[in-house]
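Here's the structure we're looking at; comments come further down.
Number of protein chains: 2
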Amino acid sequence: MMKKRILMVVMDGLGDRGCRSLGGLTPLQVAETPNLDWFAQNGSSGIMDLISPGVRPGSDTSHLSLLGYEPYSVYKGRGPFEAAGIGLVGRKGDVAFRCNFSTVDEAMNVVDRRAGRVKEPDTVELVNALQGMTIQGIEVHVRQGTEHRAALLLRGPGLSADVSDADPHEMGPVLESRPLSPGADLTARVVNEFVRRSYEIWKDHPVNQRRRQEGLPEANILLPRGAGSFPDIDPFPQKHGMKAACVAGVGMIKGICGICGLDVLDVPEACTGGLDTDMIAKAEAALSALKEYDFVLMNIKAPDLTGHDGHAEEKLKVVRRLDTMAAYIRERLEDDMVVAFTADHCTPVDAGDHTGDPVPLTIYTQGLVQDRCQSFNEADCAYGRLGRLRGCDLLPVLMDMANRSTKFGA
Amino acid sequence: MMKKRILMVVMDGLGDRGCRSLGGLTPLQVAETPNLDWFAQNGSSGIMDLISPGVRPGSDTSHLSLLGYEPYSVYKGRGPFEAAGIGLVGRKGDVAFRCNFSTVDEAMNVVDRRAGRVKEPDTVELVNALQGMTIQGIEVHVRQGTEHRAALLLRGPGLSADVSDADPHEMGPVLESRPLSPGADLTARVVNEFVRRSYEIWKDHPVNQRRRQEGLPEANILLPRGAGSFPDIDPFPQKHGMKAACVAGVGMIKGICGICGLDVLDVPEACTGGLDTDMIAKAEAALSALKEYDFVLMNIKAPDLTGHDGHAEEKLKVVRRLDTMAAYIRERLEDDMVVAFTADHCTPVDAGDHTGDPVPLTIYTQGLVQDRCQSFNEADCAYGRLGRLRGCDLLPVLMDMANRSTKFGA
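Sequence order for the protein chains is A and B.
Per our numbering, the first sequence runs over residues 2 to 411.
Per our numbering, the second sequence runs over residues 2 to 411.
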C-alpha cells in the first residue's frame, strides 16, 4: 500500500447553530461553497464531537484530540499550553503558570490587574530584567505574551503544580501561593519569592520611572495563576510514526503542537492569527510543508473570531474565503494526499462562545467510498457515511486512509 | 449566552419493534402524531442507547443514565432504589433490601411468598409494629410499598451489602442470610435477627388474628432480598449546576430522582403511575415547575404498561394521548426552553418486556440546526443529525443546547 501524506485543515470555531439573522440557517448553509462542497461530494463526511457529545471544548483540549491524544488523560491545566504558546516549551516535570503584568500600591494591593494593558517593548524590557534567576535551586524562566500576558516556567527537582494562585483575580491584596497538597511547599515558596523579587526589581525600573512620568499605571509586579504540569506526552512523530508540522497563527495552537512534538513552522505573513490572515499563503505554506512532512495541521483562526464577535455577516465572508482556500488546495491535490476539512469546535455567532455541538467533517482522498453527502455544513455532513465520530478517532481514521495504520492482531 | 431551562419528557417504555398485529410497524409509526412530528421536523433527532447497544436497561439504570450518571459506576443493586421509591431515601453507607410480606408455617417454611397479596391498611399496621428497632447497634427502618412489597433500610457502622437473601424465592424453608465476603458478618446477623423478630412480633399480631379468622394467609414474616448499598452519588444540582425536579407517578422513578437529589414534586391527580394518568395535568405540572427549576424530568409510565401487557391497540391509544400532551407543550413553548422527547427503554408489545433496542429522541429549542427527520418514531429518528447517542450523553447535550455547559480547556 502506498503511504499517503495527510493535511488536516482546522477551521477554528467554524461550526455554528441556526442564526436568527440568517433565517435559522448556519453560515455554512447560507454561503455558496462550491469547493468545500466538491470535497463533500467526492469524499466521506460525518460529524464529530471533539471531546464527547455536549462537552464544550477549549481550543487546547480539542487540538489534543485532533492530534490523536485522549484529552482527559493528557490535559493538566492551561499554564503549560499558554507558556508553550509563547515559546516556553517545557518538558515533563516543569511547572508553568499564566501571569499578568499588574500594578500594586506600596501596601501590595493590586490596583490594576493588567497594568493599563502594558505592552511591548515595555514588557520585553521588564522580562529581561528577570532573566537568569534561580530560587532555592529552581530555574525560573519568564516570557511575555501579548499585552499584559506572560508565562512563568519553573524547572528543577521536587516541583508540584498543586499550588494556589498569587493573582487575587480582583482588586485587593496580592495572595500568598499556598501548597494544596503535601509536597507542594517548595513550589509555593518559589512562587512567593519570585513574586516578591519581581516587585523589588521592577518597582524602580527605568520602564516604570518613565510610565510614572507619563501617568501610566506601573507594571511593577508579575502575578502567576493557573499552575499546570507539563504533561508527559508521547511525541507525535514517535506515537504515530509520522514527521509532522503545524502552520498556525495563534500562540496557544503553536504551543500545543510544540508540546506534542510537531515542528511549528513560522510563516509570518500568513499566520497572523487574525481576520487579516492570508489564507492562500497559509495553504501554500501547508502544501509546501507537505513535501517534507507526512502530516501537516493547518489552523485558520478567522471563523472563531467572527463567532466570538457575534457577526454572522463577517462569518459568511470568512466562509467564502475558506472556500477559495479550498479551491486552491483542490487544484493542487495529488493522489498520495489525504485532506480533512473540519473544525476544532463550534463558535456559533448567536452564542458568541464555544459550544459542544458536533462539527462538520469531510475527508477526501483518491479511492475512498463516496457517500450521499452533497454539501459541507453542520446538517448535511451528518448524513455522510462517517457518522458521528469522536475527535480523538479522527487521526486514526486519517492514518488508515493514508495506509499508515498498524494492524491490531494478525 | 442566555441560559435556558430544560424539560426532559421520558415516555416510559415507548420504543417498540415491528408489531405483528400492526403489519410490522411500531405503534409510533402507525399512530397519527402531528405534534410529536412537529418537534421532529423543527428540532434535531437521533436514536439513543440508554446503557450501550443491545443492553436491556431497567428503568432504574436508564434513568440514572438520563440524569447524566454512568450507570455501571453508580448502580449498586436494586434495594436502595426500591427503598427510595417508597420514601426510604438513605445515604452513603446505608444498606437497603427489597422485602416481601410472606406467610410461613410453624416450621418456618414459606407457604405463600406474597401473604395473599396483603395490602394496606394491614401492611401499614404491621410495619408500625416493627418501628424503632435497633439490632446490634444498627438502626432498622422498614416501610411498606404497594401490596406485599416493602423495603428495609439498615443504618450504622460496619455494614455491607454483600449478603445473601433470606427470601428463598420459592416455597420452602426461610434462608439464613450469609455473608458473601469478609466483613459482611454483622449485616447477615442483623438481617437474620430482624427476620426472626418480624415473625415473633407478627405471628400473633391483631392483624393476623383477624386474617386467620377471615381465612386469609397471615402476613407473619418479612423476607429481605436484593441487598444494595446506597451509592455515593454526586447530587444532581451540584454536579450539573441546575435546580432540578421530577414529576413522576412510579415509586422507583421518584426514588431514583430522590437519591440523585432532585426535588420530587407531588402531583397526586396527575401522577398515578397508571394508564389512568392525566397526561395534560402532568405536563401542566412540569411546565409550572419549570418556572422555578432549571431542569424538570417528567416520566409518563403508561406506554410501558401497555408494552408489558402486550396490547398493541392500547399502546396506540397511549401514543395518541402522548401526542395530545405534546401539543399542550408545543403551545406553551418559550424561547428559553429546551425540550427533549424520548424514552427510558423500549417495551415492545410483542416482547412484553424491556428490550435493548435504541429509543427515538427529538430535541427542540429555538436556534438549533434543523435536520431531515420528519416524524418521531424508531425508524425516522435514526435519520436525524444527532446520530446514535448514549443515554448518559443526553444530559451534556441538553445542557450545551441550554448554554449551561462548562468549557473543558481554554
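Even for Gly, the Cβ is constructed at its ideal location relative to N, Cα and C.
One finds nothing in chain B with a Cβ atom closer than 9 Å to the Cβ of A:Gly24; even the nearest lies about 11 Å away.
Taking C-beta atoms as the reference points, B:Val128 and B:Val143 count as a pair closer than 8 Å.
Contacts with chain B (Cβ-Cβ distance below 9 Å) from the stretch 347 to 374 of chain A involve Pro349, Asp351, Ala352, Gly353, Asp354, His355, Thr356, Gly357, Asp358 and Pro359, listed in chain order. Not one beta carbon of chain B lies nearer than 8 Å to the beta carbon of A:Asp394. With contacts defined by Cβ atoms closer than 8 Å, B:Gly16 and B:Ala313 do not form a contacting pair.
Taking CB atoms only, B:Phe409 has a neighbour in chain A less than 8 Å away.
Runs of the alpha helix (DSSP H) spanning 4 or more residues and lying entirely within the stretch 297 to 369 of chain A occur at 303 to 310 and 313 to 332, in chain order.
Within chain B, Gly410 and Ala411 have C-beta atoms less than 9 Å from the C-beta of A:Arg79, given in sequence order. Residue burial is scored here from C-beta neighbours: B:Glu171 has fewer than 16 other C-beta atoms within 10 angstroms and is therefore classed as exposed. Residues Pro180 of the same chain have their beta carbon placed closer than 6 Å to that of A:Asp186, with the five preceding and five following residues left out of the count. Chain B places no beta carbon closer than 8 Å to that of A:Ala313, leaving this residue out of the contacts. Interface with chain A (8 Å Cβ-Cβ cutoff): B:Leu390 is included. For A:Arg389, the three-state secondary structure derived from DSSP is strand.
Nearest to B:Asn193 by alpha-carbon distance, out of B:Asp168, B:Asn209 and B:Arg212, is B:Asp168. Against chain A, the CB of B:Met338 has no partner CB under 8 Å away; the residue lies outside that interface. Residue-level contact by beta carbon holds for B:Val398 and chain A, with a gap shorter than 8 Å.
For A:Glu194, the three-state secondary structure derived from DSSP is helix.
For the stretch 162 to 179 of chain A, the set of residues with a beta-carbon nearer than 9 Å to any beta-carbon of chain B is empty. With a threshold of 16 other beta carbon atoms within 10 Å, A:Arg6 meets it and is buried. The stretch 44 to 55 of chain B makes no contact with the stretch 209 to 218 of chain B: fewer than 3 CB pairs, one atom from each, lie closer than 8 Å. For the set A:Thr363, A:Glu83 and A:Arg389, the Cα lying nearest the Cα of B:Ala383 is the one of A:Arg389. The beta-bridge partner set that DSSP reports for B:Arg405 is empty. Of the residues assessed, B:Ser182 falls on the exposed side of the cut-off, its CB having fewer than 16 other CB atoms within 10 angstroms. About 12 Å separates the beta carbon of A:Leu8 from that of A:Met402, a gap too long to meet the 8 Å contact definition. In the assembly as shown, A:Asp351 is a buried residue. Its beta-carbon has 16 or more other beta-carbons within 10 Å. Pairing B:Cys374 with B:Leu68 gives a Cβ-Cβ distance that is not under 8 Å. For A:Asp61, the nearest beta carbon of chain B is closer than 8 Å to its own beta carbon. Annotation for B:Gln239: Gly262 place their beta carbon closer than 8 Å to its own, counting only its chain and skipping 5 residues before and after. Looking at the DSSP output, B:Gln145 bridges to B:Ala151. At a Cβ-Cβ threshold of 8 Å, B:Leu223 and B:Phe40 do not count as neighbours. Closer than 8 Å to the CB of A:Ala383 there is at least one CB belonging to chain B.
For B:Leu223, there is no enclosing alpha helix (DSSP H); the residue is part of the beta strand (DSSP E) that begins and ends at Ile222 to Ser230. Counting every other CB atom within 10 Å of its CB across the protein chains shown gives B:Phe195 a total of 16 or more, marking it as buried. Assignment of beta-bridge partners to B:Gly117 by DSSP yields no partner. Residue range Pro207 to Gln214 is occupied by the alpha helix (DSSP H) that includes B:Arg211.
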